[in-house]
Structure formats: structure tokens, C-alpha cells
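Chains as they are written, first to last, in my numbering: chain S, 1 to 114; chain G, 115 to 225.
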């Protein structure tokens, strides 16, 4: 069984400053990991995914994440926050069965202050 | 454009009533999923289907039912047996191992 823990339920940053959203995972096998973003009352949009290739993954809108097996972490970063980044972010792990079920973290609400 | 259409966007249900949420995709994806989202929580899997006429229970299937008569359609019925149905419901489909596409969701409120 796999699980995901998002270490912060809320993060506030000022516009133009770096963003760090933390995620730790637990998995009995080499996991596939994702970050999704959700704006209010909307569906989920994929930011980036790690599927056992390069450990530093670049995604859309300037986000990136680094897979660190020794720390079981997959933190999401962005060098400079923009007002439009304000949303909820989910760290997700996929199982390896044929159903490829996703297990979601509880989410981190990112607020960007002007 | 290909995608997933969920309808309605907002739905109100009286206690004791069954309601059906629609999910249609034109992506030609075999696998489809229903998730429930509650405030401050991630998504939890209700049901999933990997092929037509076959589906499996997820983590929180009690009080819900689904059908998969067509590849394009995966409706979810919230029955009166679901004790706390007020939530945001998201439908998804998958291509390949990791190519998930999500709909824009249906917000169900019990009145």
C-alpha cells in the first residue's frame, strides 16, 4: 500500500518569492508521483510527473519537483510566485497495478500575497 | 476538443432521493474513475472501470453505484444509503499508465 503526506495544509508567500510545497510518500515499490493543481470548483490539472526517469522533473508554469528516494520526498518548488499560482496543490502517488489507482495527499492551499 | 464533460455542475438533492451524476468522455480512454472530494481532504476513490461492462469498488463505494454500458459514459448514482453525500465529485479517465484527464466536477448538496 502507498500513502502520501503533504506536510503543510496552508502556505503563504509574497508575489515574486520562492514557493516550496512539501510532500513525503510511502511505497513498497518504486513509485510514480505527480503534482496536480486545482483552482476553486474546478477539475485537476497536471503540473508534473515522476515515472522513474530523471529525478528532477520540470513541469508547467515554472514548477519543478525533485524525487529523493533517500528522503522519500517529492517537494514542489517554483523560483518566483505569481498571483495566478494561488490554488490548492495535491501530491499524488500511483499504484503499479493495472488499475493505476491514484492515492492523494490532503492538499496544500497556496496563498500568494501582493 | 477532446475531454471529459461532467453534468450538472451543481446538484441539489433532498434527503432520501437517489441522484445520478453524468460523466462523458470523447478521448477513447478505456479506464474511468469517480472520486469524491471533501473540504481539506484529498480525493478518495469511489469506483473505477477499466473496460466496458466491468467496474470495481474503490475505497468508499458504500452508498454509490455505477454502470459502464458504453466506453464514453460512466454515470455515478448517489443512493439514499449514502449518509453524507454532500461533496464535490470528480470524474477522470486514463490513457496509458499515467495520462489522467479530470472533468470539472459536480458539486452535490443535500437540502
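Ideal placement from N, C-alpha and C gives every residue a C-beta, glycine not left out.
- In the three-state reduction of the DSSP assignment, residue 84 of chain S falls in the helix class.
- Shown here, residue 213 of chain G sits in a strand according to DSSP, grouped into three states.
- For residue 139 of chain G, the closest of G:171, G:170, G:184, G:157 by C-alpha to C-alpha distance is G:184.
- For residue 219 of chain G, the neighbours in chain S by C-beta distance under 8 Å run, in chain order, 41, 42, 43.
- Interface with chain S (8 Å Cβ-Cβ cutoff): residue 208 of chain G is included.
- Around the Cβ of residue 190 of chain G, a 10 Å sphere holds 16 or more other Cβ atoms; the residue is buried.
- Taking 8 Å as the cut-off, the beta carbon of residue 207 of chain G is found closer than this to the beta carbon of residue 146 of chain G.
- About 7 Å separates the Cβ atoms of residue 74 of chain S and residue 50 of chain S, confirming a contact at the 8 Å cut-off.
- Against chain S, a Cβ distance below 7 Å from residue 159 of chain G picks out 101.
- For residue 74 of chain S, the nearest beta carbon of chain G is not closer than 8 Å to its own beta carbon.
- Here the C-alpha atom of residue 110 of chain S lies approximately 32 Å from the C-alpha atom of residue 127 of chain G.
- Interface criterion not met: the Cβ of residue 188 of chain G is under 8 Å from no Cβ in chain S.
- Interface flag for residue 204 of chain G against chain S is set, since a Cβ pair is found closer than 8 Å.
- Pairing residue 150 of chain G with residue 165 of chain G gives a Cβ-Cβ distance that is not under 8 Å.
- Taking 8 Å as the upper bound for CB-CB distance, residue 22 of chain S and residue 46 of chain S are not in contact here, some 19 Å apart.
- Shown here for residue 204 of chain G: same chain residues with a beta carbon closer than 7 Å to its own, the five before and five after excluded, namely 149, 151, 157, 216, 217, 219 in chain order.
- Chain G places no beta carbon closer than 8 Å to that of residue 67 of chain S, leaving this residue out of the contacts.
- The beta-carbon distance between residue 209 of chain G and residue 137 of chain G, rounded to whole angstroms, is 16 Å. This is too long to meet the 8 Å contact definition.
- Leaving aside the five residues that flank residue 58 of chain S on each side, the residues in its chain whose CB is nearer than 6 Å to its CB run, in chain order, 64.
- Residue pairing by DSSP places residue 175 of chain G in no beta bridge whatsoever.
- DSSP places residue 96 of chain S in the coil class of the three-state scheme, outside both helix and strand.
- Residue range 32-38 is occupied by the beta strand (DSSP E) that includes residue 34 of chain S.
- According to the DSSP assignment, residue 24 of chain S belongs to the beta strand (DSSP E) that extends over 23-26.
- Within its own chain, the residues whose Cβ lies closer than 8 Å to the Cβ of residue 131 of chain G, once the five positions on either side in sequence are excluded, are 194, listed in chain order.
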